[in-house]
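Have a look at the structure below before the remarks.
Residue numbers (our numbering): 1 to 263.
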């Protein structure tokens with residue numbers, strides 16, 4: 001029980017402690033943003049801007065769900081856990097965004113003072129939705145596939161990199177990122193722990209309905225505007241890869257069932 005509770009609370013607790021420090025000294029939040037946002041400006045922006053764009057869209061909700069879709073085909077019993085986590089995280093993040101109405105760095109510091117990659121955004125900064133999506137995905141995948149520590153650490157590291165990228169593209173304050181990480185991890189781990197105790201069993205019809213819903217995401221991604229045109233190749237790569245891998249998995253599953261039936 002303690003290990004499960006610790007798994008849920010340790011990362012959000014760490015984020016909340018850091019948030020408290022940054023909010024206690026408000027200038028630290030701004031100074032850390034400026035330092036991160038300007039750190040790569042001395043290097044070639046033609047290289048680094050597309051790179052950070054590509055990293056940051058890995059936290060876009062449609063990108064995340066498109067990546068998860070083929071994995072859900074491998075573990076279809078968890079498809080509604082994934083959908084529930086996505087809905088709950090979105091509700092919390094959007095509720096806080098509209099509740100706090102925190103201005104983004106470009107509005108407070110001025111567009112000319114911030115290195116902006118992609119579209120300039122000025123409103124509803126807190127919390128970071130991209131970071132929340134990345135961390136809820138990491139938490140779900142770690143739990144669903146019971147990943148080992150090394151793989152789990154890599155996933156958490158990638159989610160953290162998505163969070164850092166939100167400063168790099170000029171979209172979020174560090175406090176927003178910490179809050180997004182705490183929300184995503186808390187929702188993902190708490191939901192999966194609850195499912196372990198009283199698992200939702202949707203049955204084959206329920207699984208199919210959930211997979212159809214998730215299966216729409218890579219199609220929608222093809223027409224989605226992420227706000228980062230330099231990362232369109234990642235967007236189409238994820239969408240195309242998701243559809244190809246998913247189709248391959250479904251064909252293999254159908255052949256497997258056909259072979260079993262013939263025997």
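Using N, Cα and C, we set each Cβ at its ideal position, and we do this for glycine too.
By DSSP, does residue 110 sit in helix, in strand, or in coil? In the chain shown, the residue the question calls residue 110 occupies position 110. Three-state result, residue 110: coil.
Which of helix, strand or coil DSSP assigns to residue 123: Looking up residue 123 in the chain shown gives position 123. In the three-state reduction of the DSSP assignment, residue 123 falls in the coil class.
Look at the Cβ atom of residue 162, then the Cβ atom of residue 71, and state whether they are nearer than 7 Å. Taking the chain shown and counting its residues from 1, one reaches residue 162 at position 162. Taking the chain shown and counting its residues from 1, one reaches residue 71 at position 71. In this structure, residue 162 sits away from residue 71, with a CB-CB distance that is not shorter than 7 Å.
Alpha carbon to alpha carbon, how far is residue 14 from residue 151? Give it in angstroms, no decimals. Numbered from its first residue, the chain shown carries residue 151 at position 151. Numbered from its first residue, the chain shown carries residue 14 at position 14. The straight-line gap separating the alpha-carbon atoms of residue 151 and residue 14 is approximately 21 Å.
Starting from residue 226, trace the alpha helix (DSSP H) in both directions and tell me its first and last residue. In the chain shown, counting from the first residue as 1, residue 226 sits at position 226. No alpha helix (DSSP H) holds residue 226; DSSP gives it neither H nor E.
Only counting the same chain, and skipping five residues up and downstream in sequence, which positions put a Cβ closer than 6 Å to that of residue 139? Taking the chain shown and counting its residues from 1, one reaches residue 139 at position 139. The beta carbon of residue 139 is closer than 6 Å to those of 185, 188, 189 in its chain, skipping five residues each way along the sequence.
Compare the C-beta of residue 174 with all C-beta atoms of chain B and state if any pair is closer than 7 Å. Of the protein chains in this structure there is only one, and it is not chain B.
Pop quiz: residue 122 and residue 37 are said to be a contact at Cβ under 8 Å. What is the actual Cβ separation, rounded to whole angstroms? Looking up residue 122 in the chain shown gives position 122. Looking up residue 37 in the chain shown gives position 37. Not confirmed; about 15 Å, so no contact.
By the DSSP assignment, the alpha helix (DSSP H) with residue 42 in it spans what residues? Taking the chain shown and counting its residues from 1, the one referred to as residue 42 is at position 42. Premise fails: residue 42 is in no alpha helix (DSSP H) and is neither H nor E.
Taking all protein chains shown into account, decide if residue 218 is buried (16 or more other Cβ within 10 angstroms of its Cβ) or exposed. Sequence index remark: in the chain shown, residue 218 carries index 218 (1-based). Buried, by the Cβ-count rule.
What did DSSP end up calling residue 78 once you bin it into helix, strand or coil? As a working note, residue 78 is residue 78 in the chain shown. Residue 78 falls in the helix class under three-state DSSP.
Leaving out the 5 sequence neighbours to the left and right, which residues in its chain are closer than 6 Å to residue 128 when beta-carbon positions are compared? Indexing the chain shown from 1 puts residue 128 at position 128. Excluding its 5 nearest sequence neighbours in each direction, residue 128 has C-beta neighbours in its own chain below 6 Å: 166, 172, 176, 177, 180, listed in chain order.
Cβ-Cβ distance between residue 85 and residue 136 below 7 Å: Taking the chain shown and counting its residues from 1, one reaches residue 85 at position 85. Taking the chain shown and counting its residues from 1, one reaches residue 136 at position 136. Yes.
Once you ignore the five residues that flank residue 183 on each side, which residues in its own chain have a CB closer than 7 Å to its CB? Position 183 of the chain shown, counted from the first residue, corresponds to residue 183. Closer than 7 Å at the Cβ level, and outside the excluded window around residue 183, lie 89, 92, 93, 127, 132.
If you reduce the DSSP assignment to three classes, tell me which class residue 235 lands in. What you label residue 235 is simply residue 235 of the chain shown in a count that begins at 1. DSSP places residue 235 in helix when its eight states are reduced to three.
What residue range does the alpha helix (DSSP H) around residue 161 cover? Translated into positions along the chain shown, residue 161 becomes position 161. It spans 149-168 - the alpha helix (DSSP H) in which residue 161 sits, taken as one unbroken run.
Return the CA-CA distance between residue 262 and residue 73, expressed in angstroms with no decimal places. The residue you call residue 262 lines up with position 262 of the chain shown. The residue you call residue 73 lines up with position 73 of the chain shown. Since pLDDT at residue 262 reaches only 43, below the 50 mark, its modelled position is unreliable, and no value is offered.
Answer yes or no: do residue 66 and residue 238 have a C-beta to C-beta separation smaller than 7 Å? The residue labelled residue 66 in the question sits at position 66 within the chain shown. The residue labelled residue 238 in the question sits at position 238 within the chain shown. For the 7 Å CB-CB criterion, residue 66 and residue 238 form a contact.
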